[in-house]
Each structure stands twice: as structure tokens, then as C-alpha cells.
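The opening residue of the sequence shown carries number 415 in this note's numbering; numbering runs sequentially from there.
For every residue, glycine included, the Cβ atom is placed at its ideal position computed from N, Cα and C.
Remember, it's a predicted structure, so these values are computed and weren't measured experimentally.
Some notes on the structure that comes next.
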Amino acid sequence: MNEKSEFDSELFRTATSQLDAVAGRLGLEANIHERLRYPRRALVVTVPTQMDNGRTEVFVGYRVHHNTVLGPTKGGLRYHMDVNLGEVTALAMLMSWKCAIMGLPYGGAKGGVRCDPSAMSARELEHMTRRYTAEIMLMIGPDLDIPAPDLGTNEQIMAWMMDTYSMTQGRTVPGVVTGKPLLVGGSAGRREATGRGIVYALYQAARRLGQELKGWRIVVQGFGNVGAVAARLLWREGCLIVAVGDVRGGVYNPKGLDIRQLESHVAEAGTVAGFPASEAVGSAELLELPCDVLIPAALGSQIRQDNAHRVKASIVAEGANGPTTPEADTILRDRGVTVIPDILANAGGVVVSYFEWVQGLQYYFWRESEITARLQEIMTRAFNRVWVIASKEGTDLRTAALMEGVRRVADAFKLRGLYP
Ligand code: NAD
415 MNEKSEFDSE LFRTATSQLD AVAGRLGLEA NIHERLRYPR RALVVTVPTQ
465 MDNGRTEVFV GYRVHHNTVL GPTKGGLRYH MDVNLGEVTA LAMLMSWKCA
515 IMGLPYGGAK GGVRCDPSAM SARELEHMTR RYTAEIMLMI GPDLDIPAPD
565 LGTNEQIMAW MMDTYSMTQG RTVPGVVTGK PLLVGGSAGR REATGRGIVY
615 ALYQAARRLG QELKGWRIVV QGFGNVGAVA ARLLWREGCL IVAVGDVRGG
665 VYNPKGLDIR QLESHVAEAG TVAGFPASEA VGSAELLELP CDVLIPAALG
715 SQIRQDNAHR VKASIVAEGA NGPTTPEADT ILRDRGVTVI PDILANAGGV
765 VVSYFEWVQG LQYYFWRESE ITARLQEIMT RAFNRVWVIA SKEGTDLRTA
815 ALMEGVRRVA DAFKLRGLYP
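Take a look at the structure:
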């Protein structure tokens, strides 16, 4: 197959070059390698939405199923101005590896609408979300494809999606999305799951490196669902959160920020910027601050060829999907920085989404303590499996994680054979 320009995007280039890098190591059959480079199916939709000023705006939306060999597909929904087919496809591919590493019975998917949710009213967001859901109806369902929140989307948007789908079925179908509010079939611990998973991964990294998590200096880029929770939980574990940043600015205090007070400030001001007892820091500068752990938890392609050599952290725990370009990855590896890759570090979200889906299918809900114990067990097992592969193969953690994820998907392809 020729390189397909419709998938053109930096993240697609990152995801395919990661896959290509492990294909040789795994001895992947050429046809399986090629099938894994492209999605099984992708839908592009227009989403006409009546705005508050009476005008009808036409947004473009996507839903991509990367592959379905391990089960129904699973993946988030992103609302952001950078969304395009290539980015959504790359994110769907990463979901395939992530679910496989975690041993979940899912293939990878992703969706997105190119829009700026921060500039839209709640009414506009609801109408756009409902129309988008109607447009992708043929692609989603509890045993077909199950969306969840991602950048720019949240529990409320999941509730609207679930309601829209349910209305067309004439009954409530909680299993069609995860990351819903608790009252309408959400799971205890889902909101915190991704951040909590990062903490479990870092805990294992500290153990393997013969260090203590407590006292580590942490920098977090992004203070949303992933970044804020990771910062809060690590702060509670006794880490020093020395800097955090969001789209509107960053704050730095080498003695550590009080995260509880910072969260109150964000609740009022809508941004971390302007937090007292800290100095302002720019978003590029934030990534280069002295610290033990850098957690990029915002957008993709943040650590690049031009800034990777200035990253001072000894560990990068990828909360975001695809925050490190392949060139930057090489630079970090050569400099001895331990990168805990996205498909491992941020997998806590999809693990608890899986729990939510199972609970929704059974109409039987678990206590939060059960959720966190099972999440810890799965994250710990996956981290250590990947660590052992990296040691055996003499590779970095990303290569090892990809080898594990891609191998499982490829083996499933072989077992199922080629239809017809
Ligand atoms: P979110 O919308 O809740 O938060 C995003 C945060 O990033 C916000 O604080 C925003 O201000 C900040 N941000 C946006 N642009 C920025 C910029 N240019 N510089 C600095 N900060 C910026 O999103 P989220 O759910 O926390 O997702 C963040 C990342 O984590 C995404 O890459 C997403 O794919 C990934 N992720 C999310 C989940 C999940 O469960 N939500 C799971 C796995 C991975």
C-alpha cells in the first residue's frame, strides 16, 4: 500500500514509525505489518450545529477503528482544533497496543471533532455532541465500539452521548460509553484512573531503579483530568510538585506547590496561572525545568528534536498520548532518560473504563476500593512485564511495551486467520 496522504499528521508519523521500529524485532509478517499501519475502518462526518447566535456551523468529526481482532473497540473522544483523520487514526493505533498490553478484550479506536470547546456554550456543546453521536451511530455500541472522554471532553459529554444512543434504542444502554457521571452508570474511580495509573507506574519505576517515590520533584504539563489528578496523588505521596502548566500559563516553585490550594485557585480562576506563592513560567520553559520526573499531560509532540536535549528530568512519564516525537525519543534514550511510554503510563484510564463497561453490562457496581486494588494489580503486572522484556531485549521501555502490545495483536491475527 502506498503512503496514504489522508492520514498525514505528526502523530500518525510518530505512531507508524514506532510500529515500524518493532516490526523487524518481532519478525512481523509483511501483510500483518501493513494491516496494522492503517485502520480497519474510519468514518468522516460533518456535524452541523446551530450556534447560540442562530448561525449553523458545520464541524468535521471522525471515528476510527484501528483493529477489532481482540474484541470490540475502545478509545476516547477528543474535542480540539488540531483534530484530523491522521491524528485520530494514530491515537486509535496507540489504543490497540495499550489495550493489548493491559490484557483487555478490546481493539483500539478513537474519535474527535475539530472544534474549540472552550469557546462554545454548554448548549452548543450538547447539540454538537448529540449530532456527532447520531452521525457515528453505525460505528458505536456496547459490543461494537465504546467511546470515553479524552482531551476537551468530559463526563457530561459522555452522558449526552449515552442519552442520544439510548433514545434511538428505546432503552438505557449504559455500556455504550465509559467515563459517565456516577449517577448514570459511571464507575467509582474512573475520573482519577489515568492519574492514579501514572502513580502506580512511577511507584514501580522507583522500585526498579532502587529509589523512593517520596521526595521526587515533579513537573506536570497540563492540569486537566490526567495532569491535575496525577499532581494531587503524587503530592499526597510526598512528592514535590515543583511546576504545573496549562494552556493559559505555568507556575513554578522549587520548594513545591500546595496542590490543594492550587486546585481551589483553578476552580476560581480557570487556570493555574496567577497562583500565589509561585513564579510564572512559559510552556516551553516548563518542560526544561530541573526535576526528577516530567509528566507531559496535555498535547502530542511536546518533546521534540529541538528541546529534548534540554529536558532535565531523569524520568518522563507520558500522561498525554504521543507527547514525544521519534527524534526526541532517540535523544532522551541516548541521554539515559527513562521514558515510561504513553501506552503503559496512561493506561489506567482504559483499565477502569473496562471495569465501568463490565459493571454496566452486568448492572452490578463495585466499591472504589475494589476498583483501585484491581487497577493497581493490572498496572503493576503490565509495568513489570514490560520492564522484564526491556531488560531481556536490551531495549528502552517504549520498544518493550510496543513489542508486547503489537505481538499480542499480531498473534491474534494469526490465530483468527484471514477472512474469507
Ligand atoms: P483535559 O482536557 O482534561 O486537560 C487538558 C489539559 O491540558 C488542560 O489543563 C489544558 O489547559 C492543558 N493544555 C492544553 N493545551 C496546552 C498547551 N498548549 N500547553 C500546556 N497545557 C495545555 O484532557 P485530559 O483528559 O487530561 O487529557 C490530556 C492528555 O492525556 C491527552 O493527550 C489525552 O489523550 C491523554 N489521556 C487522557 C486520558 C483520560 O482518561 N482522560 C487517558 C489516557 C490519555
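- By alpha-carbon distance to Arg795, the top candidate from Arg455, Ala615, His679 and Arg492 is Ala615.
- Lys828: member of the alpha helix (DSSP H) spanning Leu811 to Arg830, first to last residue.
- Annotation: the segment 558-614 contains the following complete segments of the beta strand (DSSP E) (minimum length 3 residues), in chain order: 559-563.
- Taking every protein chain shown into account, the CB of Arg646 has 16 or more other CB atoms within 10 angstroms, so this residue is buried.
- For Val725, the CB stays at least 7 Å from every heavy atom of the ligand NAD.
- Not one heavy atom of the ligand NAD falls within 7 Å of the beta-carbon of Phe473.
- The distance from the Cβ of Tyr452 to that of Gly526 is about 18 Å, inconsistent with a contact at the 8 Å cut-off.
- At a threshold of 7 Å, Thr428 does not count as near the ligand NAD, since its beta carbon sits no closer than that to any of the ligand's heavy atoms.
- At the C-beta level, Glu626 and Lys594 stay beyond 8 Å of one another.
- Bridge partners of Phe473 according to DSSP: Val461.
- A straight-line Cα-Cα distance of about 25 Å links Ser431 and Gln635.
- Taking Ala644 as reference, the option from Ile709, Ala506 and Met495 with the minimal CA-CA separation is Ile709.
- Along the length of the segment 519-556, whole alpha helix (DSSP H) runs at least 4 residues long occupy 536-549, reported in chain order.
- Not a single heavy atom of the ligand NAD lies less than 7 Å from the C-beta of Phe421.
- When secondary structure is reduced to three states using DSSP, Glu651 falls in the coil class, being assigned neither helix nor strand.
- In the DSSP assignment, the residues bridged to His479 are Arg455 and Ala523.
- Taking the Cβ atoms as the reference, Cys653 lies roughly 13 Å from Lys669, outside the contact range of under 8 Å.
- With 16 or more other CB atoms across the displayed protein chains lying within 10 angstroms of its CB, His480 is buried.
- When the Cα atoms are used, Asn445 and Ala824 turn out to be separated by approximately 10 Å.
- Under the three-pair Cβ rule at 8 Å, the segment 518-536 counts as touching the segment 480-490.
- Rounded to whole angstroms, the separation of the alpha carbons of Pro690 and Val478 is 43 Å.
- Each of Val765, Ala456 and Asp530 was checked against the Cα of Glu471, and the nearest Cα belongs to Asp530.
- Boundaries of the alpha helix (DSSP H) around Arg674: Ile673 to Ala683.
- In this chain, the beta strand (DSSP E) harbouring Lys488 covers Thr487 to Tyr493.
- As a beta-bridge residue in DSSP terms, Thr752 pairs with Ile729.
- In this structure, DSSP gives Val658 an extended state, which the three-state scheme calls strand.
- Rounded to whole angstroms, the Cβ separation of Arg718 and Thr739 is 5 Å, and the two are in contact under 8 Å.
- Comparing C-alpha distances from Pro561 to each of Gly664, Val764, Phe421 and Pro737 shows the shortest one belongs to Val764.
- Proximity to Leu816 across Gly762, Gly714 and Asp756 peaks at Asp756, based on C-alpha coordinates.
- A distance criterion of 7 Å places the beta-carbon of Asp564 in contact range of the ligand NAD, judged by its closest non-hydrogen atom.
- For Met516, the closest of Leu829, Tyr833, Gly831 and Arg822 by C-alpha to C-alpha distance is Arg822.
- Taking the Cα of Ala826 as reference, the smallest distance to any Cα among Gly468, Trp511, Ser532 and Val658 is reached at Trp511.
- Counting C-beta atoms within 10 angstroms of its own C-beta, Asp706 has 16 or more neighbours from the protein chains shown and is therefore classed as buried.
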